[in-house]
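For the sequence shown, the residue numbers in UniProt numbering are 1 to 56.
Glycine is no exception: its CB is placed at the ideal position from the N, C-alpha and C atoms.
A quick note: this is a predicted structure, and the numbers were derived from the prediction, not measured.
The next block holds one structure in the form of structure tokens; read it before the comments.
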Amino acid sequence: MTLNAPSKLVFLLSLVIAVIALLAALNLLSFVPIPSFWIMTLAYILLAGGTMLKGV
1 MTLNAPSKLV FLLSLVIAVI ALLAALNLLS FVPIPSFWIM TLAYILLAGG TMLKGV
């Protein structure tokens, strides 16, 4: 399996989700009902999917 660079959109979306997870972990976003671990996991899965799928 060959890995490709993710598109700019996928990279930026995963970066935004990771920043939201960081802010939730620091209790700056207390209204987020999901634990920050799962938000960060979602960001990582999105970025990993962007590298595995061609054209995404």
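Specify the secondary structure class of residue i as computed by DSSP and reduced to three states.
i	result
A5	coil
L53	coil
S30	coil
Ignore the nearest five residues each way along the sequence and tell me which others in residue i's own chain have a CB closer than 7 Å to its CB.
i	result
N4	T51 and K54
S30	none
Y44	none
I'd like to know whether the C-beta atoms of residue i and residue j end up nearer to each other than 9 Å.
i	j	result
S7	A24	no
Can you check which of these residues, the options, is closest to residue i by C-alpha distance?
i	options	result
T41	L29, A21, L12 and M1	A21
Using a Cβ-Cβ cutoff of less than 8 Å, which residues in the same chain neighbour residue i once the five nearest sequence positions on both sides are dropped?
i	result
L47	P6, V10, F11 and S14
Determine the burial state of residue i: buried for a count of at least 16 other Cβ atoms within 10 Å of its Cβ, exposed for fewer.
i	result
I17	buried
Among residues of its own chain, excluding the 5 on either side of residue i, which ones have a beta-carbon nearer than 6 Å to its beta-carbon?
i	result
K32	In the sequence as presented, Lys is not what sits at residue 32; that position holds Val. Excluding positions up to five away in sequence, the list reads A24.
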